[in-house]
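Trainee: Note that my numbering numbers the sequence shown so that position 203 is 210, with each residue one more than the last. Idealized CB from N, CA, C, for every residue including glycine. The structure is given below, and queries will be raised subsequently.
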Amino acid sequence: MKEFLDRFSFDRERSLFLGIERERFVTDDKGEIVPRAHEVLASLGECEEFGFELSACQIEDRIGPVLPKDVLGTLMRNDRALNRACSFLGLSVQFLEVAPPGMCLSVYPDPTGRYAEITKDMPREVLDAACRVTGTHIHVGMPDHESALRVYNGVVDHVDELRNVGDHSNGERHRLYQVVAPNFRPPKFKGWEEVHEKARADGWSEDLRSCWHYIRITGHGTIEFRVFGASGCPAEVATWAFTCKDLCAKYL
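As structure tokens, then:
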């Protein structure tokens, strides 16, 4: 149990700080989705603000942890950097929540081998769903284990409401997400012992990232909201982040 609890690293000084991850598709000069995320990342160099996803056609930008007042400016700075890198390569990015059927299903050559392991026995319809959806993940910092669980148990009641706020695909992203993660709905827990039992039963006690709930407590010491779709509007994303922060503060 102690080993499991130690996987969660909380920072009291960063309680209610915000982090954001935004996924998007890489497209060529014809607007076609292409598996060239590795080229864009190479052009950006060693940079913590950008990373890869399971699909070789997707790229992610990250901010945080930052104060709420810094969210919008940091999102816009990342957009400028990524657009410059793409333009240099004759590429661009699109914030599509759901890509069209028939897109390339190449998996990113993750140097750790994690994606190869995840997908080696994955049914094609699950891989198709995983590659075709993108989203925006909001992180809200928590001070300690007990506060995090209390806040988590409060905010999970709002999962459907938040999903509807962030939906730009008339529910299609949610439908495909369920193909990948049928157990998307976050359960409530009476205590950390129950969290541990659930993690062991579902196979994410050793790797917290393998929990696919729409809302989860992360190893970074945050409540993560995975309910939002994709948006190319930094102001809209910032509004989502502030909504999540205010909701967490309500239960803190």
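1) Excluding sequence positions up to five away, which residues of its chain have a Cβ less than 7 Å from the Cβ of M149?
2) Can you list the alpha helix (DSSP H) stretches of 4 or more residues lying completely in the segment 43-102, in chain order?
3) Go to L5, then tell me how far its beta strand (DSSP E) extends in each direction, as first and last residue.
4) In three-state terms, what does DSSP make of F17?
5) Quick check: what's the CA-CA separation for A137 versus F59?
6) First and last residue of the beta strand (DSSP E) that includes R233?
7) Within 10 Å of its beta-carbon, does S217 have 16 or more other beta-carbons around it, so buried, or fewer, so exposed?
8) In the DSSP assignment, what residue or residues form a beta bridge with R131?
9) What is the DSSP secondary structure of F161, reduced to helix, strand or coil?
10) Which ranges would you report for the alpha helix (DSSP H) in the segment 180-219 if only whole runs of at least 4 residues count?
11) Express the C-alpha separation of D36 and R43 in angstroms, rounding to a whole number.
12) With a CB to CB cut of under 7 Å and the five nearest residues on each side skipped, what residues in its chain are close to S99?
13) Count the other C-beta atoms from every protein chain shown that fall within 10 angstroms of the C-beta of A208, then say buried if there are 16 or more, exposed otherwise.
14) For H144, which three-state DSSP category applies?
15) How many angstroms separate the CA atom of V114 from the CA atom of R192?
16) With I40 as the anchor, note down where its alpha helix (DSSP H) starts and where it stops.
17) Per the DSSP calculation, I224 is bridged to which residue(s)?
18) Keeping to the same chain, check which residues put their C-beta closer than 8 Å to that of R14; ignore five residues upstream and five downstream.
Mentor: The short version:
1) F17, S22, A155, V158, G228, T229, I230
2) 44-51, 78-95
3) The structure shown does not extend to residue 5, since the chain spans only 8 to 259, so no value can be given for it.
4) coil
5) 14 Å
6) 229-235
7) exposed
8) Answer by DSSP bridge pairing: none, since R131 is not bridged.
9) According to the sequence as given, residue 161 is Gly; it is not Phe. It is helical.
10) 199-209
11) 12 Å
12) T34, C93
13) exposed
14) strand
15) 26 Å
16) Element bounds for I40: n/a, residue is neither H nor E.
17) I230
18) L215, G226
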